[in-house]
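Visitor:
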Amino acid sequence: MTSRSGFAAVPQNGGTLRVGVGDFAATDNLNPTLYSTYFQLFLFRQLRNNLIEVGPGGALVPELAESWSGSSDAKTWVFKLRQGVSFHDGRPFTADDAVYSINLHRVKGTTSTAAPILKPVLDIKATGKYELTIVLSSGDVGFPSLMTLETLTMVPNGETDFNKGIGTGGYILESFQPGVKSVVKRNPNYWKQGRAHFDSVEMLAIKDASARTAALMSGSIDACNFVDLKTAHLLERSPRVKLLATAGKAHYAFPMRMDIAPFNDINLRTAMKYAVDREQMVKMIANGYATVGNDQPITPAYQFYDAGLKPKAYDPDKAKFYLKKAGQENFSIELYTSETPFAGATDAAVLYSAQAAKAGINIKVVKTPEDGYWDNIWFKKPFCVARWSGRANENAMISLAYGTAGIAAGWNETHMSDPKLDQMLTAARGEFDEQKRRQLYYDMQTLISDDGGEVIPVVADFVDATSSKVAHGELGSDFDMDGGRFAERWWFA
Numbered sequence: 001m002t003s004r005s006g007f008a009a010v011p012q013n014g015g016t017l018r019v020g021v022g023d024f025a026a027t028d029n030l031n032p033t034l035y036s037t038y039f040q041l042f043l044f045r046q047l048r049n050n051l052i053e054v055g056p057g058g059a060l061v062p063e064l065a066e067s068w069s070g071s072s073d074a075k076t077w078v079f080k081l082r083q084g085v086s087f088h089d090g091r092p093f094t095a096d097d098a099v100y101s102i103n104l105h106r107v108k109g110t111t112s113t114a115a116p117i118l119k120p121v122l123d124i125k126a127t128g129k130y131e132l133t134i135v136l137s138s139g140d141v142g143f144p145s146l147m148t149l150e151t152l153t154m155v156p157n158g159e160t161d162f163n164k165g166i167g168t169g170g171y172i173l174e175s176f177q178p179g180v181k182s183v184v185k186r187n188p189n190y191w192k193q194g195r196a197h198f199d200s201v202e203m204l205a206i207k208d209a210s211a212r213t214a215a216l217m218s219g220s221i222d223a224c225n226f227v228d229l230k231t232a233h234l235l236e237r238s239p240r241v242k243l244l245a246t247a248g249k250a251h252y253a254f255p256m257r258m259d260i261a262p263f264n265d266i267n268l269r270t271a272m273k274y275a276v277d278r279e280q281m282v283k284m285i286a287n288g289y290a291t292v293g294n295d296q297p298i299t300p301a302y303q304f305y306d307a308g309l310k311p312k313a314y315d316p317d318k319a320k321f322y323l324k325k326a327g328q329e330n331f332s333i334e335l336y337t338s339e340t341p342f343a344g345a346t347d348a349a350v351l352y353s354a355q356a357a358k359a360g361i362n363i364k365v366v367k368t369p370e371d372g373y374w375d376n377i378w379f380k381k382p383f384c385v386a387r388w389s390g391r392a393n394e395n396a397m398i399s400l401a402y403g404t405a406g407i408a409a410g411w412n413e414t415h416m417s418d419p420k421l422d423q424m425l426t427a428a429r430g431e432f433d434e435q436k437r438r439q440l441y442y443d444m445q446t447l448i449s450d451d452g453g454e455v456i457p458v459v460a461d462f463v464d465a466t467s468s469k470v471a472h473g474e475l476g477s478d479f480d481m482d483g484g485r486f487a488e489r490w491w492f493a
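Going left to right, the sequence shown walks through residues 1 to 493 as full-length UniProt numbering numbers them.
(1) Evaluate G308 with the Cβ neighbour count: other Cβ atoms within 10 Å of its Cβ, from every protein chain shown; 16 or more gives buried, anything less gives exposed.
(2) In whole angstroms, what is the alpha-carbon distance linking F44 and T153?
(3) If contacts are defined as beta-carbon pairs under 8 Å, then R429 and G170 qualify, I think. What distance do you get, rounded to the angstrom?
(4) Below 8 Å on the Cβ atoms is my guess for F24 versus A205; work out the distance and round it to an integer in Å.
(5) Three or more beta-carbon pairs under 8 Å between the region 469-476 and the region 299-314, yes or no?
(6) According to DSSP, A290 sits in a beta bridge with which residue or residues?
(7) In this structure, how does DSSP classify P255 when only helix, strand and coil are distinguished?
(8) If you reduce the DSSP assignment to three classes, tell me which class P92 lands in.
(9) Three-state secondary structure (DSSP) at M272?
(10) Are the beta-carbon atoms belonging to A392 and Q46 less than 8 Å from one another?
(11) How is the alpha helix (DSSP H) around S145 delimited, first residue to last?
(12) Can you name, in chain order, every residue of its own chain whose Cβ lies under 7 Å from the Cβ of V10, other than the five neighbours on each side?
(13) Enumerate in chain order the residues of its own chain whose CB-to-CB distance from S3 is below 7 Å, with the five nearest sequence positions on each side excluded.
(14) Pick from D89, G15, T16: whose alpha carbon is nearest that of R48?
(15) Can you check whether the CB of I456 is closer than 8 Å to the CB of D295?
(16) Determine the extent of the alpha helix (DSSP H) in which I333 is found, giving its start and end residues.
(17) Suppose the cutoff is 7 Å on Cβ atoms and the five residues either side in sequence are ignored; what does the same chain contact list for A326 look like?
(18) For D464 and T246, I'd like the C-alpha separation in whole angstroms.
(19) To test your reading of the DSSP string, which unbroken alpha helix (DSSP H) runs of 4 or more residues are found completely within the region 10-88?
(20) In whole angstroms, give me the CA-to-CA distance for S72 and D371.
(21) Go to F176, then tell me how far its alpha helix (DSSP H) extends in each direction, as first and last residue.
(22) Would the beta-carbon of P116 fall within 8 Å of that of W68?
(23) I'd like the list of long-range same chain contacts for K381, defined as Cβ closer than 7 Å, with 5 residues on each side in sequence excluded.
(24) Taking C384 as the reference, give the member of D422, L132, L41, E339 with the closest Cα.
(25) I'd like to know whether the C-beta atoms of D199 and R212 end up nearer to each other than 8 Å.
(26) Taking the beta carbon of K273 as the centre, do at least 16 other beta carbons fall within 10 Å, making it buried, or is it exposed?
(27) Within the same chain, show all residues whose beta-carbon is closer than 7 Å to that of K469, passing over the 5 residues directly before and after it, in chain order.
(28) So, for S399: in the same chain, excluding its five sequence neighbours on each side, which residues have a beta-carbon less than 6 Å away from its beta-carbon?
(29) Does the beta-carbon of Q423 have 16 or more other beta-carbons within 10 angstroms, so that it is buried, or is it exposed?
(30) Please state if the CB of Q193 and the CB of P262 are separated by a distance shorter than 8 Å.
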């Protein structure tokens, strides 16, 4: 992590935190099953709680669940819930609320990010006012970590008007203009001691990275995410600003749809992987705030990362060899992009085009409107730019983005469907032997890297920035902005 400390020994309460957010949409809402942007994620974290939280060090921390335990076969999990917690409207939080909140993501046809990972769930029931029991079709030794998923936030039983923002979180919704602004005020009855220090938090939708930086430097805002990495070094020099760079699970990707031509040919996909200069991409696009990726999503931040799986070196001649095998010596393809996935996404697409040209590949960069990119381009076009922040564990990440179940849920962007991968996912969930589980995840990483439809040249740091007057403790690395929990964890020094 890079930052000047500026930590206060004791957190101070008060003030209004103003934050510039770079990922949002005019269609944003507070329905947890329709999550797609960081603006939504940050609001979820302000208004609601999960059963379990990821602590700054990466460990699972009790949130609305005080404890949990699994059966010997890891098929049945019992969560003991915290008593004395109330929603913003005064209703007490009970197991019935937890059952309803999780079942929202199990409705047939849902596109929730939680749907694929909840597919093994057979039954969810309240076995006491403050006890939740979940039964799985197959064992999952890592199941509790899935309860940290950003969409599995707790809402009142029967709630349908999600934009009221009723939750148990540290802040209460005051106003929300999708694609523009949100305002929350501190919950005076928040159950967590020593959290949620600001009187209020305002989030402003600012798409342009340079505009966010200018707003921070001028004092119009106190923090922002998605710092423009090309100018990050300038922020580091300013005494008025702190740069927060945290290595985590994020990665930049160029997904190729494997279910349709032309990328249903593994030889063509392999050619595209040899046609990218990863080192140059890290240097020129991420400005060094990253490491080289190897076309699969498990980064060093995960427990079962395979450090022995090396990335493909830039080799235009080898790319030409695979182009010939695919019968595509004069291959041409449109690459759709905008600045929505990450600051510099268009530059990344242009750089990839220049690199691939040396292999005889003609990549035509098509820049599209930023608003609506996730709805109209991503997941739909044969070739586009994307960014992932990672998930709670290896199984959640791979199930969602590469497992067959992730296609129907609308998250498997390459539309990869490999029975062998699906079988390994199931086997790994129920494998108690750590070495065997590790090998399964190693095998999955190799399979995705070699056969999959992702070109992942960059494993990116989370790079955010704050005013020097903002203080914080150890930063979480599960998402940008301290795991998305900046409003709850930070304070003014």
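C-beta atoms are modelled at their ideal positions from N, C-alpha and C, and glycine is treated no differently.
Guide: This is what the structure holds:
(1) As a working note, residue 308 is residue 308 in the sequence shown. By the neighbour-count rule (16 or more Cβ atoms within 10 Å), G308 is not buried but exposed.
(2) Residue numbering aside, residue 44 sits at position 44 when the sequence shown is read from its first letter. Residue numbering aside, residue 153 sits at position 153 when the sequence shown is read from its first letter. If I take the Cα positions, the gap works out to 7 Å.
(3) Locating residue 429 in the sequence shown gives position 429, counting from the first residue. Locating residue 170 in the sequence shown gives position 170, counting from the first residue. About 33 Å; that fails the 8 Å criterion.
(4) Your numbering for residue 24 matches position 24 in the sequence shown. Your numbering for residue 205 matches position 205 in the sequence shown. Contact holds; Cβ gap of about 4 Å.
(5) no
(6) By one-based count along the sequence shown, residue 290 stands at place 290. Partner(s): A460.
(7) Here residue 255 refers to the residue found at position 255 when the sequence shown is read from its first residue. Reduced to three states, the DSSP call for P255 is strand.
(8) Taking the sequence shown and counting its residues from 1, the one referred to as residue 92 is at position 92. Of the three classes helix, strand and coil, the one that applies to P92 here is strand, per DSSP.
(9) By one-based count along the sequence shown, residue 272 stands at place 272. M272 falls in the helix class under three-state DSSP.
(10) Numbered from 1 along the sequence shown, position 392 holds the residue referred to as residue 392. Numbered from 1 along the sequence shown, position 46 holds the residue referred to as residue 46. It is not a contact, given that the beta carbons lie outside the stated cut-off.
(11) Your numbering for residue 145 matches position 145 in the sequence shown. First-last of the alpha helix (DSSP H) with S145: 143-146.
(12) Here residue 10 refers to the residue found at position 10 of the sequence shown. Cβ neighbours of V10 beyond the five flanking positions: none.
(13) Indexing the sequence shown from 1 puts residue 3 at position 3. Because the pLDDT of S3 is 49, which lies under 50, any placement of that residue in the model is unreliable, and the number read from its coordinates should be weighed accordingly. Excluding residues within five positions, the ones whose Cβ falls inside 7 Å are K242, L243, L244.
(14) Taking the first residue of the sequence shown as position 1, residue 48 is located at position 48. Ranking the options by Cα distance to R48, first place goes to D89.
(15) Indexing the sequence shown from 1 puts residue 295 at position 295. Indexing the sequence shown from 1 puts residue 456 at position 456. Yes. Within cutoff.
(16) On the sequence shown, position 333 is the one that residue 333 refers to. Element bounds for I333: not the alpha helix (DSSP H) but the beta strand (DSSP E), 332-337.
(17) Within the sequence shown, the letter at position 326 stands for residue 326. If we look at A326 and ignore the five residues flanking it on each side, its Cβ neighbours are D265, N267, L268, A271.
(18) Residue mapping note: residue 464 aligns to position 464 of the sequence shown, counting from 1. Residue mapping note: residue 246 aligns to position 246 of the sequence shown, counting from 1. One C-alpha to the other measures close to 9 Å.
(19) 38-47
(20) As a first step, residue 72 must be located in the sequence shown, where it is residue number 72. As a first step, residue 371 must be located in the sequence shown, where it is residue number 371. Straight-line Cα distance between these residues: approximately 48 Å.
(21) Taking the sequence shown and counting its residues from 1, the one referred to as residue 176 is at position 176. Run containing F176: none in the alpha helix (DSSP H); it sits in the beta strand (DSSP E), 171-177.
(22) In the sequence shown, residue 116 corresponds to position 116, counting from 1. In the sequence shown, residue 68 corresponds to position 68, counting from 1. No; because the gap between Cβ atoms is not below 8 Å, this pair is not in contact.
(23) As a first step, residue 381 must be located in the sequence shown, where it is residue number 381. Cβ neighbours of K381 beyond the five flanking positions: Y336.
(24) Here the question's residue 384 lines up with position 384 in the sequence shown. The shortest C-alpha separation from C384 is found at E339.
(25) Mapped onto the sequence shown, residue 199 falls at position 199. Mapped onto the sequence shown, residue 212 falls at position 212. Not a contact, by the Cβ cut-off of 8 Å.
(26) Counted from its first residue, the sequence shown places residue 273 at position 273. K273 comes out buried.
(27) For the purposes of this step, residue 469 is taken as the residue at position 469 of the sequence shown. Here the set comprises F492, A493.
(28) The count along the sequence shown starts at 1 and reaches residue 399 at position 399. If we look at S399 and ignore the five residues flanking it on each side, its Cβ neighbours are P116, I117, L425.
(29) In the sequence shown, the residue the question calls residue 423 occupies position 423. Exposed.
(30) Mapped onto the sequence shown, residue 262 falls at position 262. Mapped onto the sequence shown, residue 193 falls at position 193. No, the pair does not count as a contact, with Cβ atoms beyond the cut-off.
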